[in-house]
Amino acid sequence: MALFDRVIDDLLRDEQQILDTVTDLGSALDQLIAGQVEFVVGDRELAQVYYNEINNLPDEDRRRLRRKQRLYLEEWVHLVNEMRADLTDTEARTVVHAVIGAIQSPLFHNVGLPEDRLRAILTDAARAVLGIGRE
155 MALFDRVIDD LLRDEQQILD TVTDLGSALD QLIAGQVEFV VGDRELAQVY YNEINNLPDE
215 DRRRLRRKQR LYLEEWVHLV NEMRADLTDT EARTVVHAVI GAIQSPLFHN VGLPEDRLRA
275 ILTDAARAVL GIGRE
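Going by my numbering, 172 is the number at position 18 of the sequence shown; the sequence numbering is gapless.
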């Protein structure tokens, strides 16, 4: 159980640090993307265990972790809302879930790419889904 808490707590801590120190919305979102990409690529086995086993946890633990996940994602939603005034809250939330899904897609199969190339592709894909393009 401690492993699952550590995963989401680390993501939340890193997210808060980004939000506290980065004033440019685009840069903040880029750093959040980079953190999620690093979790998936750099800590692949840990990310796979987290993704595959969270639904097997006792109800109370699973609900607690899901609440933390929602907190994590809501900060993304807030940034997307600030950058994409054309989206409603529900649309922004849907886009954020699509971004996370795109980033996490390599967890389900071996993509056969070097890690640096995979990071670049996932980052570009995330930015494309967000509709914010490349820097």
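All C-beta atoms, glycine included, are put in the ideal place defined by N, C-alpha and C.
- Message: Rounding to the nearest angstrom, what Cα-Cα distance links R281 and V203 in this structure?
- Response: So the alpha carbons of these two residues sit roughly 26 Å apart.
- Distance between L233 and A274 (C-alpha atoms, nearest Å): C-alpha separation (whole angstroms): 21 Å.
- Query: Quick one, are the C-beta atoms of I257 and V176 less than 8 Å apart?
  - Reply: No, these two residues do not count as a Cβ contact at 8 Å.
- Message: Considering only their Cβ atoms, is the gap separating L241 from V249 smaller than 8 Å?
- Response: Contact: yes.
- Item | Stretch-stretch touch, CB-based, cutoff 8 Å, three pairs: the region 257-271 with the region 195-214 | Because the criterion of three Cβ pairs below 8 Å is met, the region 257-271 and the region 195-214 touch.
- Message: Just to check my reading of the structure: W230 and L186 have Cβ atoms closer than 8 Å, yes? What is that Cβ distance to the nearest angstrom?
- Response: Confirmed, Cβ separation roughly 6 Å.
- When the Cα of Y205 is compared with those of E214, Q223, A188 and G189, which residue comes out closest? For the residues E214, Q223, A188 and G189, the minimum Cα distance to Y205 belongs to Q223.
- Determine the extent of the alpha helix (DSSP H) in which D163 is found, giving its start and end residues. Counting along the chain, the alpha helix (DSSP H) containing D163 begins and ends at A156 to T175.
- When burial is assigned at 16 or more other CB atoms within 10 Å of the CB, is D184 buried or exposed? In the assembly as shown, D184 is a buried residue. Its beta-carbon has 16 or more other beta-carbons within 10 Å.
- Starting from V231 and walking both ways along the alpha helix (DSSP H), at which residues does that stretch end? Under the DSSP assignment, V231 falls in the alpha helix (DSSP H) whose first and last residues are D213 to M237.
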